[in-house]
Amino acid sequence: MKQTHNIWKESEGCWATTGISCPDVIKSFIDSSDMVAKNTSLALLRRDTVTTPVIFIGTGTCGLGAGAAKTLEAIKTYCETNDINADIVEVGCIGLCVEEPLVDIQIPGRTRLLFRKVTHEKVAAMLDSIFKETPNKDDVLGQHRNKNFKPWQKISYLDEHPFFGPQTRWVLEHCGLIDPVSIDEYIAHGGYQAFARAVHGMTPEEVCAGVEKSGLKGRGGGGFPTGLKWKFTLQTPGDQKYFICNADEGDPGAFMDRAVIEGDPYRLLEGLSIAAYAIGATKAYIYIRAEYPLAIKRLRHAIEQAKKYGFLGYNILDSGYNLEIKIKMGAGAFVCGEETALIHSIEGKRGMPRPRPPYPSVRGLFDKPTAINNVETLANIPNIINRGSDWFSAVGTKNSKGTKVFALSGKISRTGLVEVAMGTTIRQIIMDIGGGIPGGKKYKAVQIGGPSGGCIPEQHLDVEIDYESLKTVGAMMGSGGMVVMDEDTCMVDVAKFFMDFIQRESCGKCIPCREGTKHMLKILESITRGRSSEKDSDSLERFRGVMQLKSLAEVIKDTSLCGLGQSAPNPVLSTMRWFKDEYEAHIFERKCPSKACVNLLTYSIDADACKGCTLCAKKCPSEAIMGTPKSPHYIIPDKCIGCGTCVDVCRFNAVVVE
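Below you can see the structure in the form of structure tokens.
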């Protein structure tokens, strides 16, 4: 039965009465919490009113790696030395990692400014300029829009920046903007409204139906309809049910989940709480790799605060619903990204997949009905409950709704985290948002979908981000890692790198994955091997392996036990499909067109350019360079080990590498 409760109306900035939604307990919390004791209003928490300067510094993992800790100390020292009463707030990553350390400054009456590359030695000059209201525009990325404050003249808005402008930030809307350890601030921005609405105004069946209607698919890579998965688990009888958040994130080049947890942990907890309620689970686990210490620290704090404020525990919000959330740290095994291996790991067993069916929704953790989603999937849930299924499904393509978060890395100008609407093209992400390839180099490919994904060549840059569309070009959505490669990248070497990773991370349970990937790696290593290292029948074995490579890949795909093994050959198959000429050069000509495979390179000296300085001969570790002083030198091919030392020491660019 629906009751009348008070709800914070974000658009009007006041409490209003509605037939469904937040119970009085949330208003009571705001009236009786420490916020009132500190004379803290919602307006202050939302930064709609600023009485003292507020300095936000991005201290996520990427920021700390760029020196944000020193910047933070320099800011504190400046404020103490100059007797400035300022609020210094540590926030997560706003997404533009390449410009770290990032510092936001908001002084009373003026909009918030985002400064780039604020190393500790730049702090004093930056703060001097902002307090004098004469900021150096070259150091400013942009200003935030806020109708309550006076804008800065001749400074563009952040939503006009080529990195931020094309994005649709739903999951990342608070990352880098709000204090990730303040539950008060999260609530002031509308946090826990969706959870209260779900447990007080909706049945579990209605929550499942709403999420299913929204079209949300699992963002962990599988792309299975989220609401349907929940419905299956809800309908399975069981005296105990579990919900698991998969925050393992084992793909090289992927850091989406980490950034969301570091920047907005309460959003994940709220989404997980709604999901657990929807399937009837009273216990939930967050499975996160131990290599994410900051994310784990902020999660633990968020869970403790949620318990303290009554959003976790017994009889939550007087609804009769109980929920306990535990953190389980993983040891970094890639295979534990597969849901049944993850379940085994939580149970204290070796992380190895098992055959399905039965699926986890029928027999999962401790043999009980279990649902599993990743961080990004769950972070979408509060908005779907608050704004409705139609709002979510209005964005995207016919078969892929909403937005997708991607981690941009590799040979790209603007590395970082981006969130775009489904249907956005790869070209828009890489060339517009990512700023294209640095150094005037040409684009070659992007690896999307992690180690088990595929490489997308230039002719398919206009493919849309969509679960089905990516499959047509031999790739897959995956969790969202995008590793960009330029013209200097050897695609055979890329395939070898990912196959080496997959082979080492194989759990070893099934023969096709365990032995097949090892044999594929051996074949790729033979392709990138020079003649000088071959003995006896190695050359014949090399050609025989090449002939078997594609058929071996197909066998592994068809017969491996789990999804990781079944997709393991994808990097090889996609590079063979789109970069056949590179494979042929390696196999038949024993040449690497990109000059990346060291064992296939040959070195010679241009007699016209060589001055006979003898430096290369003195530094050559194999004594392969001969010649007399002030006369052109030459390299003995049989003695050259291809180390490249001669290239490094030559001052006249006389060494030719082919």
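In my numbering, the protein residues as written are 2 to 659. Just so you know, even glycine gets a beta-carbon here, dropped at the ideal spot from N, CA and C. Fair warning: this is a prediction, and the values are worked out from it, not measured in the lab.
Using the DSSP secondary-structure output, state which residues sit across from residue i in a beta bridge.
{"i": "residue 402", "result": "397"}
{"i": "residue 326", "result": "285"}
{"i": "residue 455", "result": "449"}
{"i": "residue 246", "result": "287 and 374"}
{"i": "residue 158", "result": "144"}
{"i": "residue 414", "result": "Note: residue 414 sits in no beta bridge, so no partner."}
Alpha carbon to alpha carbon, what distance is there between residue j and residue i?
{"i": "residue 104", "j": "residue 153", "result": "17 Å"}
{"i": "residue 274", "j": "residue 411", "result": "36 Å"}
{"i": "residue 557", "j": "residue 569", "result": "8 Å"}
{"i": "residue 362", "j": "residue 355", "result": "14 Å"}
{"i": "residue 485", "j": "residue 241", "result": "45 Å"}
{"i": "residue 11", "j": "residue 384", "result": "Residue confidence for residue 11 is low, a pLDDT of 36 falling below 50, so the modelled location carries little weight; the figure read from the coordinates is stated next. Residue 11 and residue 384: Cα-Cα distance of roughly 13 Å."}
{"i": "residue 137", "j": "residue 448", "result": "38 Å"}
{"i": "residue 309", "j": "residue 315", "result": "11 Å"}
{"i": "residue 22", "j": "residue 278", "result": "Summary for residue 22: the model assigns pLDDT 33, below 50, so the residue's position carries little reliability; its value from the coordinates is reported in the next sentence. Residue 22 and residue 278: Cα-Cα distance of roughly 15 Å."}
{"i": "residue 1", "j": "residue 301", "result": "Because the chain is modelled from 2 through 659, residue 1 falls outside the range shown and cannot be assessed."}
{"i": "residue 627", "j": "residue 640", "result": "11 Å"}
{"i": "residue 289", "j": "residue 330", "result": "5 Å"}
{"i": "residue 322", "j": "residue 472", "result": "41 Å"}
{"i": "residue 437", "j": "residue 86", "result": "42 Å"}
{"i": "residue 504", "j": "residue 334", "result": "12 Å"}
{"i": "residue 128", "j": "residue 43", "result": "27 Å"}
{"i": "residue 409", "j": "residue 399", "result": "25 Å"}
{"i": "residue 659", "j": "residue 444", "result": "22 Å"}
{"i": "residue 112", "j": "residue 587", "result": "57 Å"}
{"i": "residue 1", "j": "residue 483", "result": "Nothing about residue 1 can be reported from this structure: the residues present for the chain run from 2 to 659 only."}
{"i": "residue 177", "j": "residue 432", "result": "24 Å"}
{"i": "residue 188", "j": "residue 68", "result": "31 Å"}
{"i": "residue 110", "j": "residue 264", "result": "26 Å"}
Could you pull out every residue in the same chain whose Cβ sits closer than 6 Å to the Cβ of residue i, ignoring the five residues on either side in sequence?
{"i": "residue 63", "result": "94, 98 and 101"}
{"i": "residue 415", "result": "99, 164, 435 and 436"}
{"i": "residue 620", "result": "646 and 650"}
{"i": "residue 234", "result": "280, 362, 370 and 372"}
Take residue i and list the residues in its own chain whose beta-carbon comes closer than 8 Å to its own, dropping the five residues that flank it on each side.
{"i": "residue 159", "result": "115, 142, 143, 144, 145, 146 and 165"}
{"i": "residue 394", "result": "214, 215, 216, 402 and 403"}
{"i": "residue 88", "result": "53, 54, 55 and 56"}
{"i": "residue 228", "result": "209, 210, 211, 212, 213, 214, 215 and 217"}
{"i": "residue 347", "result": "245, 286, 288, 329 and 366"}
{"i": "residue 247", "result": "221, 288, 338, 340, 343, 373, 374, 375 and 376"}
Could you spell out where the beta strand (DSSP E) holding residue i opens and where it closes?
{"i": "residue 188", "result": "First-last for residue 188: 184–189, but that is the alpha helix (DSSP H), not the beta strand (DSSP E)."}
{"i": "residue 105", "result": "104–107"}
{"i": "residue 375", "result": "371–375"}
{"i": "residue 487", "result": "482–487"}
{"i": "residue 468", "result": "Residue 468 -> not in any beta strand (DSSP E); alpha helix (DSSP H) instead, spanning 468–473."}
{"i": "residue 206", "result": "No beta strand (DSSP E) contains residue 206, which is instead part of the alpha helix (DSSP H) from 205–215."}
{"i": "residue 649", "result": "Residue 649 -> not in any beta strand (DSSP E); alpha helix (DSSP H) instead, spanning 646–650."}
{"i": "residue 115", "result": "114–116"}
{"i": "residue 90", "result": "88–92"}
{"i": "residue 81", "result": "Segment 69–82 is the alpha helix (DSSP H) holding residue 81; no beta strand (DSSP E) there."}
{"i": "residue 654", "result": "Segment: none, residue 654 is in no beta strand (DSSP E) and carries neither H nor E."}
{"i": "residue 57", "result": "55–59"}
{"i": "residue 314", "result": "314–317"}
{"i": "residue 606", "result": "604–606"}
Between which two residues does the alpha helix (DSSP H) containing residue i stretch?
{"i": "residue 500", "result": "492–506"}
{"i": "residue 1", "result": "Missing from the structure shown is residue 1; the chain here goes from 2 to 659 and no further."}
{"i": "residue 554", "result": "539–560"}
{"i": "residue 582", "result": "581–585"}
{"i": "residue 568", "result": "564–568"}
{"i": "residue 340", "result": "340–347"}
{"i": "residue 122", "result": "Residue 122 -> no alpha helix (DSSP H), and no H or E assigned at all."}
{"i": "residue 228", "result": "227–236"}
{"i": "residue 64", "result": "62–66"}
{"i": "residue 385", "result": "382–388"}
{"i": "residue 200", "result": "194–202"}
{"i": "residue 301", "result": "294–309"}
Ordered along the chain, which non-local residues of its own chain (more than five positions away) have a Cβ less than 7 Å from that of residue i?
{"i": "residue 224", "result": "218, 468 and 478"}
{"i": "residue 553", "result": "517, 520 and 521"}
{"i": "residue 653", "result": "610, 611 and 612"}
{"i": "residue 239", "result": "369 and 370"}
{"i": "residue 457", "result": "427, 446, 447, 449, 464, 474 and 476"}
message = Using a Cβ distance threshold of 8 Å, determine whether the region 640–647 contacts the region 600–610, with at least three qualifying pairs required.
response = Result yes; three or more Cβ-Cβ pairs closer than 8 Å.
key: Any 3 or more C-beta pairs closer than 8 Å across the region 463–473 and the region 409–429   = yes
inquiry  = Below 8 Å, how does it come out for the region 449–459 and the region 175–187: are there three or more Cβ pairs, yes or no?
reply    = Result no; under three Cβ-Cβ pairs closer than 8 Å.
message = Check whether the region 386–395 and the region 197–213 touch, using three or more Cβ-Cβ pairs below 8 Å as the test.
response = The region 386–395, when compared against the region 197–213, does touch it at the 8 Å Cβ threshold.
message = Taking 8 Å as the cut-off, does the region 259–268 touch the region 286–295 (at least 3 CB pairs, one atom from each stretch)?
response = Taking 8 Å as the limit for Cβ pairs, the verdict is that the region 259–268 does touch the region 286–295.
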